[in-house]
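Data first, discussion second: the structure below is written as structure tokens.
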Amino acid sequence: MSDSTESLMGTFPQLLKVRLQRDGDRPAMREKAYGIWQTWTLNEFCNEATALAAGLSDLGFQRGETLVIIGDNRPRLYGAMLAVQSLGGIPVPAYQDSVAEEIQYVVEHAEARFIVAENQEQVDKSLEIKEHCPRVEKIIYCDPKGLRKYDPNVVVDIQEVMKRGRNALAKTPDLVDQEIAAGRLSDPAIILYTSGTTGRPKGVVLTHENLVVTAKNANAFDNITADEETLAYLPMAWVGDNAFSFAMGLVAGFCVNCPESSSTVAQNLREIGPTYYFAPPRVFESVLTSVMIRMKDAGPFKQRLFNYFMAVAKRTGVDLMDGKSVPLMDRIKYALGEVLIFGPLKNTLGLGRVRVAYTAGEAIGPEIFDFYRSIGINLKQLYGQTEATVFITMQPDGLVRSESVGTPPPGVELRIEDNGEVLYRSPGVFLEYFKNAEATSETKTDDNWVRTGDAGYIDGEGHLRIIDRAKDVGKLTDSSMFAPKFLENKLKFFPEIKEVVTFGDGRDFVTAFVNIDLDAVGNWAERNNVSYASYQELAAHPQVYQLIQECIEQVNQSLASDAHLSASQIKRFLILHKELDPDDGELTRTRKVRRRIINERYGDLIEALFDGRTRCFVSTEVVFEDGRRGKIEADLEIRDATVHQTTSKAA
Amino acid sequence: MNDRAQDQILLEVDAISLSFGGVHALTDVSFDIRKGEVRSIIGPNGAGKSSMLNVINGFYHPQQGTITYQGQKRSQMKPHEAARGGIARTFQNIALFRGMSTLDNIMTGRNTQMSKGLFWQALRIGPALREEIENREFVEHVIDFLEIQAIRKTPVGKLPYGLQKRVELGRALAAEPTLLLLDEPMAGMNLEEKEDMSRFILETNEEFGTTIALIEHDMSVVMDISDRVVVLDYGRKIADGTPEEVRANQSVIDAYLGVSHD
Numbered sequence: 076m077s078d079s080t081e082s083l084m085g086t087f088p089q090l091l092k093v094r095l096q097r098d099g100d101r102p103a104m105r106e107k108a109y110g111i112w113q114t115w116t117l118n119e120f121c122n123e124a125t126a127l128a129a130g131l132s133d134l135g136f137q138r139g140e141t142l143v144i145i146g147d148n149r150p151r152l153y154g155a156m157l158a159v160q161s162l163g164g165i166p167v168p169a170y171q172d173s174v175a176e177e178i179q180y181v182v183e184h185a186e187a188r189f190i191v192a193e194n195q196e197q198v199d200k201s202l203e204i205k206e207h208c209p210r211v212e213k214i215i216y217c218d219p220k221g222l223r224k225y226d227p228n229v230v231v232d233i234q235e236v237m238k239r240g241r242n243a244l245a246k247t248p249d250l251v252d253q254e255i256a257a258g259r260l261s262d263p264a265i266i267l268y269t270s271g272t273t274g275r276p277k278g279v280v281l282t283h284e285n286l287v288v289t290a291k292n293a294n295a296f297d298n299i300t301a302d303e304e305t306l307a308y309l310p311m312a313w314v315g316d317n318a319f320s321f322a323m324g325l326v327a328g329f330c331v332n333c334p335e336s337s338s339t340v341a342q343n344l345r346e347i348g349p350t351y352y353f354a355p356p357r358v359f360e361s362v363l364t365s366v367m368i369r370m371k372d373a374g375p376f377k378q379r380l381f382n383y384f385m386a387v388a389k390r391t392g393v394d395l396m397d398g399k400s401v402p403l404m405d406r407i408k409y410a411l412g413e414v415l416i417f418g419p420l421k422n423t424l425g426l427g428r429v430r431v432a433y434t435a436g437e438a439i440g441p442e443i444f445d446f447y448r449s450i451g452i453n454l455k456q457l458y459g460q461t462e463a464t465v466f467i468t469m470q471p472d473g474l475v476r477s478e479s480v481g482t483p484p485p486g487v488e489l490r491i492e493d494n495g496e497v498l499y500r501s502p503g504v505f506l507e508y509f510k511n512a513e514a515t516s517e518t519k520t521d522d523n524w525v526r527t528g529d530a531g532y533i534d535g536e537g538h539l540r541i542i543d544r545a546k547d548v549g550k551l552t553d554s555s556m557f558a559p560k561f562l563e564n565k566l567k568f569f570p571e572i573k574e575v576v577t578f579g580d581g582r583d584f585v586t587a588f589v590n591i592d593l594d595a596v597g598n599w600a601e602r603n604n605v606s607y608a609s610y611q612e613l614a615a616h617p618q619v620y621q622l623i624q625e626c627i628e629q630v631n632q633s634l635a636s637d638a639h640l641s642a643s644q645i646k647r648f649l650i651l652h653k654e655l656d657p658d659d660g661e662l663t664r665t666r667k668v669r670r671r672i673i674n675e676r677y678g679d680l681i682e683a684l685f686d687g688r689t690r691c692f693v694s695t696e697v698v699f700e701d702g703r704r705g706k707i708e709a710d711l712e713i714r715d716a717t718v719h720q721t722t723s724k725a726a
Numbered sequence: 005m006n007d008r009a010q011d012q013i014l015l016e017v018d019a020i021s022l023s024f025g026g027v028h029a030l031t032d033v034s035f036d037i038r039k040g041e042v043r044s045i046i047g048p049n050g051a052g053k054s055s056m057l058n059v060i061n062g063f064y065h066p067q068q069g070t071i072t073y074q075g076q077k078r079s080q081m082k083p084h085e086a087a088r089g090g091i092a093r094t095f096q097n098i099a100l101f102r103g104m105s106t107l108d109n110i111m112t113g114r115n116t117q118m119s120k121g122l123f124w125q126a127l128r129i130g131p132a133l134r135e136e137i138e139n140r141e142f143v144e145h146v147i148d149f150l151e152i153q154a155i156r157k158t159p160v161g162k163l164p165y166g167l168q169k170r171v172e173l174g175r176a177l178a179a180e181p182t183l184l185l186l187d188e189p190m191a192g193m194n195l196e197e198k199e200d201m202s203r204f205i206l207e208t209n210e211e212f213g214t215t216i217a218l219i220e221h222d223m224s225v226v227m228d229i230s231d232r233v234v235v236l237d238y239g240r241k242i243a244d245g246t247p248e249e250v251r252a253n254q255s256v257i258d259a260y261l262g263v264s265h266d
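Below is the structure:
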């Protein structure tokens with residue numbers, strides 16, 4: 076199966092033509108419709124794509140042109156992608172949840188004349204877009220429900236287009252084949268618009284070569300074969316889905332399953348039992364939370380059983396997976412746990428057959444990560460971005476860590492700049508930002524290195540650790556790296572700490588403002604007979620200071636074990652007398668710290684942290700909920716925390 | 005919908021009077037429902053709207069008057085005859101089998117289409133199995149139509165109210181009705197659920213050509229989706245016509261819509 080395409084290079088349509096001869100009857104796509112999993116064999120999938128390609132060509136679609144695709148993961152939409160690529164065009168998937176204006180930008184920027192929309196909802200959006208983008212000529216839909224009364228000159232059924240295509244093919248049978256043969260590896264294969272946090276989204280152009288080579292490398296890295304099962308449930312506009320479902324699936328020849336609807340993903344996951352699975356950290360997090368909540372409702376016997384075996388798993392599960400030696404008794408207990416708890420649990424979650432699972436996108440909590448690994452799910456992390464066709468680093472089996480993101484797979488080179496920014500060069504490096512040469516040259520150097528915008532370093536094991544956005548990273552006076560958000564996030568893992576602001580850029584050492592979490596600390600105070608009348612009083616309580624100091628010292632301890640971060644240990648801290656509040660402008664509405672405002676407002680406190688004072692008076696103006704203004708005054712204590720020597724070079 | 009020919013009369017109620025002891029629920033009410041239209045019955049509480057629906061599907065037997073359905077005139081009809089005749093309905097207070105799944109509930113709507121006896125159905129072999137598969141396929145189309153795939157196997161009692169209403173509509177649709185009676189399909193729903201429900205009602209009407217008679221309190225919904233509206237008050241018909249006509253009718257304003265204070 077895959078060996079026939081292993082050595083072959085070509086565009087996706089070219090590769091598929093070769094695979095068709097051997098794997099024509101193998102399932103290529105499945106979709107649950109009307110309660111039953113419906114299968115498209117590779118033959119059927121390619122035939123539909125060819126008919127659609129011919130139909131599009133008949134409608135006037137030109138080589139090099141773009142076509143916007145909006146919808147959930149559907150075999151027909153993947154087919155549309157292939158059809159467009161067959162004609163030498165460029166599919167541009169858009170996020171199906173986006174509002175019309177957001178998609179309008181994509182349609183406008185990509186200069187698309189054609190839109191393929193999944194259903195009425197997406198057609199309605201497309202029509203709204205068409206009013207502002209007169210260039211749009213045809214809107215092709217897959218699901219006819221509710222679309223009878225639309226103008227047939229603009230809104231066309233995909234079946235009609237395919238019928239048109241079949242007629243055209245009857246006249247000129249090699250209509251599409253010729254176009255496929257004319258495709259080159261260096262042709263753009265797709266444009267993916269990145270949901271930029273700042274400014275307008277940028278269209279990342281990836282070539283066939285980017286995708287095919289990357290897919291092959293990734294398949295080889297984890298021994299992905301034609302026997303895998305995956306569930307394509309993440310947005311088609313996201314590079315991950317394109318790589319995992321489309322590129323890797325078509326190259327390796329495994330079947331891609333599309334859920335019935337976005338609300339049935341969990342059920343469909345259980346039915347399919349994927350062997351290769353990807354999910355962002357928040358999915359793993361929410362699944363774990365729901366498991367724990369449901370366990371709380373279980374009977375006492377079940378709870379004890381669960382807790383006992385989860386403790387066994389915690390002790391031995393990860394070692395077992397990494398192939399380390401584990402005492403015989405623990406092995407036996409784990410095996411029993413597998414039969415009684417882990418196996419059924421994995422089955423319920425639909426993860427019973429998972430051979431390789433990945434998570435990426437943001438940091439995953441170590442406990443969450445270890446939970447899944449300890450019950451025998453080979454969950455790994457990868458670090459990637461659209462511009463790299465996903466993969467920059469991946470964790471090889473047996474070398475999985477929760478705090479780092481692995482090593483560069485074959486073909487990827489890494490470089491760390493002086494300011495800590497991570498750069499990479501790989502076969503997946505994107506061609507350009509569509510119609511944005513300026514941004515391209517800012518991100519990509521002449522010799523093909525790409526700036527990630529993330530700061531990180533290579534740890535003692537040779538694994539990449541990402542700590543912060545590069546632009547937020549500063550330096551201490553001894554020129555060691557200072558990553559404020561990294562420190563703050565580490566501290567915020569403690570439930571007692573709600574908000575932290577760290578200072579250290581251009582200073583001798585690191586200090587912090589801490590906001591206590593009123594719920595968690597209030598609860599603690601109740602249990603420990605600490606009485607208080609207000610937030611301010613609780614925050615200033617010596618025992619609370621002691622509590623927070625212990626948290627900080629724990630963090631310092633773990634920082635000390637890392638040569639790169641040892642200098643970032645927090646030397647002095649204070650607990651703020653009031654909560655940082657978006658109403659006072661100290662936080663954004665999404666609860667991100669506004670450093671500039673805090674520097675202005677609390678300048679004296681910051682100086683006190685660094686000049687060795689043990690108390691500092693502060694008076695701040697606040698806005699109450701009813702809009703009145705008032706002043707809060709306090710005399711804050713400043714404490715020193717224990718700072719450790721660097722314990723070892725390696726992490 | 006307005007573009008389709010609707011002059012054919014599907015159902016006509018003529019001079020219906022219904023009373024329970026001394027209470028006159030309906031007095032001399034006449035109106036008709038044309039094929040393919042969305043017909044609304046509105047009126048204040050206790051105006052006799054639900055009684056009217058119950059008369060149409062044969063649950064109540066009027067003391068006077070006749071009903072002509074598909075050309076057949078009768079003064080009484082039994083509910084099962086109505087069901088066989090293609091009249092399906094939903095209820096004001098949801099009447100589903102709470103312990104059964106969404107799928108099973110909607111399957112019960114296919115009962116009128118199944119010809120094999122209880123015995124064969126219980127054995128689930130041969131023709132009975134084939135019949136069940138055919139009907140299941142139809143039900144799956146209904147599930148797809150109403151976008152309730154995610155709750156296919158969920159016991160109905162566990163579902164939120166808005167979804168239960170949708171399941172009930174599904175069961176009525178499963179019977180492939182000629183005339184669909186909806187008793188306050190949108191009561192107690194939030195705006196989004198109302199919009200969804202309106203969409204499904206219009207789609208049903210357009211896609212399957214089903215004639216729909218509904219009782220509803222939300223005036224904006226009624227005015228939006230109805231072709232014609234009949235207004236009852238104290239068991240009497242006080243107005244009948246297009247939404248615009250009804251909205252402008254003085255007795256309707258007095259009885260129901262209220263007077264604007266400007």
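Which chain is which? The protein sequence lines are W and V, in order. Offset between the first sequence (1-based) and the numbering used here: plus 75. Offset between the second sequence (1-based) and the numbering used here: plus 4. Where is the CB? At the ideal position from N, CA and C, for every residue including glycine. Just so it is clear, the structure is predicted and the values come from calculations on it, not from any experiment.
Through-space distance from residue j to residue i, alpha-carbon basis
| i | j | result |
| --- | --- | --- |
| residue 127 of chain W | residue 137 of chain W | 14 Å |
| residue 133 of chain V | residue 115 of chain V | 14 Å |
| residue 200 of chain V | residue 65 of chain V | 34 Å |
| residue 259 of chain W | residue 115 of chain W | 27 Å |
| residue 446 of chain W | residue 662 of chain W | 33 Å |
| residue 142 of chain V | residue 172 of chain V | 16 Å |
| residue 180 of chain W | residue 281 of chain W | 19 Å |
| residue 31 of chain W | residue 125 of chain W | This structure gives no information on residue 31 of chain W, because the portion of chain W shown stretches from 76 to 726. |
| residue 460 of chain W | residue 507 of chain W | 14 Å |
| residue 732 of chain W | residue 294 of chain W | In this structure chain W extends from 76 to 726, so residue 732 of chain W is not present and cannot be described. |
| residue 32 of chain V | residue 252 of chain V | 23 Å |
| residue 726 of chain W | residue 568 of chain W | Only weak support is given to the placement of residue 726 of chain W: the predicted model assigns it a pLDDT of 37, under 50, and the value that follows is read from those uncertain coordinates. Using only the alpha carbons, I get a separation of about 20 Å. |
| residue 69 of chain V | residue 24 of chain V | 15 Å |
Proximity to residue i [Cα-Cα], best of the options
| i | options | result |
| --- | --- | --- |
| residue 276 of chain W | W:141, W:510, W:89 | W:510 |
| residue 249 of chain V | V:233, V:32, V:260 | V:233 |
| residue 226 of chain V | V:166, V:188, V:58, V:21 | V:188 |
| residue 647 of chain W | W:568, W:690, W:700, W:141 | W:690 |
| residue 333 of chain W | W:109, W:93, W:148, W:600 | W:148 |
| residue 664 of chain W | W:656, W:637, W:628 | W:656 |
Local Cβ density within 10 Å of residue i, reported as buried at 16 or more and exposed below that
| i | result |
| --- | --- |
| residue 117 of chain V | exposed |
| residue 224 of chain V | exposed |
| residue 77 of chain V | exposed |
| residue 157 of chain W | buried |
| residue 404 of chain W | exposed |
| residue 621 of chain W | exposed |
Proximal chain V residues relative to residue i, where beta-carbon distance stays under 8 Å
| i | result |
| --- | --- |
| residue 336 of chain W | 151, 153, 154 |
| residue 339 of chain W | 153, 154 |
Within chain W, the residues that residue i reaches when beta carbons sit closer than 8 Å
| i | result |
| --- | --- |
| residue 148 of chain V | 108, 109 |
| residue 207 of chain V | 220, 221 |
| residue 145 of chain V | 109 |
Partner residues on chain W for residue i, Cβ-Cβ distance less than 9 Å
| i | result |
| --- | --- |
| residue 323 of chain V | In the structure displayed, chain V extends from 5 to 266; residue 323 of chain V sits before or after that span and is not available. |
Proximity test, residue i beta-carbon vs the ligand MN heavy atom, cut-off 8 Å
| i | result |
| --- | --- |
| residue 685 of chain W | For the ligand MN, the structure offers nothing, since it holds no ligand at all. |
Tell me the start and end of each unbroken beta strand (DSSP E) in the stretch 79-110 of chain W that is at least 3 residues and wholly inside, in chain order. 102-108
Entirely enclosed beta strand (DSSP E) segments - the stretch 639-670 of chain W, minimum 3 residues: Counting only runs of 3 or more, we get 645-650.
Quick one: complete beta strand (DSSP E) runs, 3+ long, within the stretch 464-499 of chain W? 465-469, 488-491
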